[in-house]
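J.: Per numbering that gives the first Met the number 0, residue 0 is the first one in the sequence shown, and the count goes up by one each step. Using N, Cα and C, we set each Cβ at its ideal position, and we do this for glycine too. Just so we're clear, the structure is a prediction, and the values are computed from it rather than from any experiment. My structure is below; once you've seen it, I'll send some questions.
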Amino acid sequence: MNNLALNTALESIWQFIRRTNKYIDQTEPWILGRDNSGKERLSTILYNLAESIRLFTILIYPFMPVKAREIWKQLGLKDDLAALKLDKEAHWGNLQAGILVKPGKIIFPRIEINKKVTKKIEEKEVEIISYEEFKKIDLRVGKIIDAEPASGTDKLLKLKVNLGKEIRTIVAGVREHYSAENILGKKIIIVYNLKPRKIRGIESQGMLLAAVDNHNVVLLTVDRDITEGSKVQ
């Protein structure tokens, strides 16, 4: 911290806090408190935990002063955190035994994320387009007449698609779901009037359509044979 390496200082503090949490799991003070046989051991554990909390409260004060003061108050300590000196106070054993902690609210409450609510938030924003905007999209039927893996990646296939009057190259990210062999000969739907763009150095002259469900990808095809280049309306 003296060297202004704040990220390193914070990581060291969180390691200390994680180690304290692990100490709780390992010592299981809630079990020792069930009868008097473990009373002496329990007292030692509780002191160690209180001293650990005192120390990391001093350490996090420069970063989280409000929360640090709340912890300090619940520990029953009255010293002014802002006036404490690290080289004097941040030493193990400075906590006086027998202090009375003060019950209080949970300072860092657990955040419960409702998956259903999260999904609704993600799905509620649907951009509406007009019919005129939709009419601008030119969808056509094409037949895949050649396919090979795109170099430098395990996700892309380089496809040659017959559109009747022309043959186009399309780069598609379907290699994890279709091999070059089993995609060959399929009649697919492509966006015909999409501006070409380079993908991995290959100019892709359109985009095929596919349905996606989680990690499953399925090409959109036609249910009966139809001439290559036919428009989809």
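1. Let me confirm a value: Gly141 is counted as buried when at least 16 other C-beta atoms fall within 10 Å, else exposed. Which label applies?
2. Between which residues of its own chain and Glu202 is the CB-CB distance below 6 Å, once the five residues before and five after are set aside?
3. For the alpha helix (DSSP H) holding Asp224, just list the boundary residues, first then last.
4. Who does Val140 pair with in a DSSP beta bridge?
5. To the nearest angstrom, how far is it from the Cα of Ile57 to the Cα of Glu88?
6. Can you tell me whether Trp13 is buried or exposed? The criterion is at least 16 other CB atoms within 10 Å of its CB, across all chains shown.
7. Does the stretch 76-87 come close enough to the stretch 48-64 to have 3 or more Cβ pairs within less than 8 Å?
8. Which partner residues does Val231 have in the DSSP bridge list?
9. Output the residue ranges of the alpha helix (DSSP H) runs that lie fully inside the stretch 52-76 and measure 4 residues or longer, sorted by chain position.
10. Whose C-beta lies closer than 8 Å to the C-beta of Asn192 among residues of the same chain, with five residues either side of it excluded?
11. What span of residues does the alpha helix (DSSP H) with Glu180 cover, start to end?
12. Where does the unbroken beta strand (DSSP E) through Ile198 begin, and where does it stop?
13. Quick test of the definition: if touching needs 3 or more C-beta pairs under 8 Å, does the stretch 64-82 touch the stretch 25-34?
14. Is Arg33 buried or exposed, if buried means 16 or more other CB atoms sit within 10 Å of its CB?
15. So, helix, strand or coil for Asn161, using DSSP?
16. Can you grab the Cα-Cα spacing for the pair Tyr177 / Glu126, in whole Å?
17. Name the two residues that bound the continuous alpha helix (DSSP H) containing Glu88.
18. So what's Asp78 in DSSP terms, helix, strand or just coil?
19. In angstroms, rounded to a whole number, what distance separates the CA positions of His214 and Ala149?
20. I think Ile143 touches Val160, with their Cβ atoms under 8 Å apart; what is that distance to the nearest whole Å?
21. Of all the options Ser42, Ser51, Pro108 and Ile98, which has the alpha carbon lying nearest to the alpha carbon of Phe15?
22. Give me the Cβ distance between Lys72 and Lys101, rounded to the nearest whole Å; I'm assuming they're in contact under 8 Å.
23. Name the DSSP bridge partner or partners of Ile201?
24. Ser11: which of Lys38, Leu54 and Ser36 sits nearest, CA to CA?
25. Assuming Lys185 and Thr220 are in contact, meaning their beta carbons sit under 8 Å apart, how far apart are those beta carbons, in whole angstroms?
T.: In terms of the structure at hand:
1. As a position in the sequence shown, residue 141 is number 142, starting the count at 1. Flag for Gly141 reads buried.
2. Counted from its first residue, the sequence shown places residue 202 at position 203. For Glu202, where only same-chain residues beyond five positions count, the Cβ hits under 6 Å are Pro195.
3. As a first step, residue 224 must be located in the sequence shown, where it is residue number 225. First-last for Asp224: undefined, no H or E at that position.
4. Residue mapping note: residue 140 aligns to position 141 of the sequence shown, counting from 1. Val140 is bridged to Ile188.
5. Counted from its first residue, the sequence shown places residue 57 at position 58. Counted from its first residue, the sequence shown places residue 88 at position 89. Taking the straight line joining both Cα atoms gives about 8 Å.
6. Within the sequence shown, the letter at position 14 stands for residue 13. Per the 10 Å Cβ criterion, exposed.
7. Contact holds between the stretch 76-87 and the stretch 48-64, because three or more Cβ pairs, one in each stretch, are under 8 Å apart.
8. Start at 1 with the first residue of the sequence shown, and residue 231 comes out as number 232. Paired residues: Leu138.
9. 64-73
10. Within the sequence shown, the letter at position 193 stands for residue 192. These residues qualify, in order along the chain: Lys135, Ile136 and Asp137.
11. Locating residue 180 in the sequence shown gives position 181, counting from the first residue. Counting along the chain, the alpha helix (DSSP H) containing Glu180 begins and ends at Ala179 to Ile182.
12. Sequence index remark: in the sequence shown, residue 198 carries index 199 (1-based). Ile198: member of the beta strand (DSSP E) spanning Arg196 to Ile198, first to last residue.
13. no
14. Taking the sequence shown and counting its residues from 1, one reaches residue 33 at position 34. Exposed.
15. The residue given as residue 161 occupies position 162 in the sequence shown. Strand, per DSSP.
16. What you label residue 177 is simply residue 178 of the sequence shown in a count that begins at 1. What you label residue 126 is simply residue 127 of the sequence shown in a count that begins at 1. If you take the alpha carbons of Tyr177 and Glu126, they lie about 30 Å apart.
17. As a first step, residue 88 is located in the sequence shown; it is residue number 89 there, counting from the start. Element bounds for Glu88: Leu85 to Glu88.
18. By one-based count along the sequence shown, residue 78 stands at place 79. In the structure shown, Asp78 sits in coil (DSSP, three-state: anything other than H, G, I, E or B).
19. Translated into positions along the sequence shown, residue 214 becomes position 215. Translated into positions along the sequence shown, residue 149 becomes position 150. The straight-line gap from Cα to Cα measures roughly 21 Å.
20. Locating residue 143 in the sequence shown gives position 144, where the first residue counts as 1. Locating residue 160 in the sequence shown gives position 161, where the first residue counts as 1. Confirmed, about 6 Å.
21. For this step, residue 15 is matched to residue 16 along the sequence shown. Per the Cα distances, Ser51.
22. Within the sequence shown, numbered from 1, the residue matching residue 72 stands at position 73. Within the sequence shown, numbered from 1, the residue matching residue 101 stands at position 102. Right, the Cβ-Cβ distance comes to about 7 Å (below 8 Å), so this counts as a contact.
23. On the sequence shown, position 202 is the one that residue 201 refers to. BP columns for Ile201 point to Ile198.
24. As a first step, residue 11 is located in the sequence shown; it is residue number 12 there, counting from the start. Per the Cα distances, Leu54.
25. Taking the sequence shown and counting its residues from 1, the one referred to as residue 185 is at position 186. Taking the sequence shown and counting its residues from 1, the one referred to as residue 220 is at position 221. The pair is a contact, with the Cβ atoms about 6 Å apart (cut-off 8 Å).
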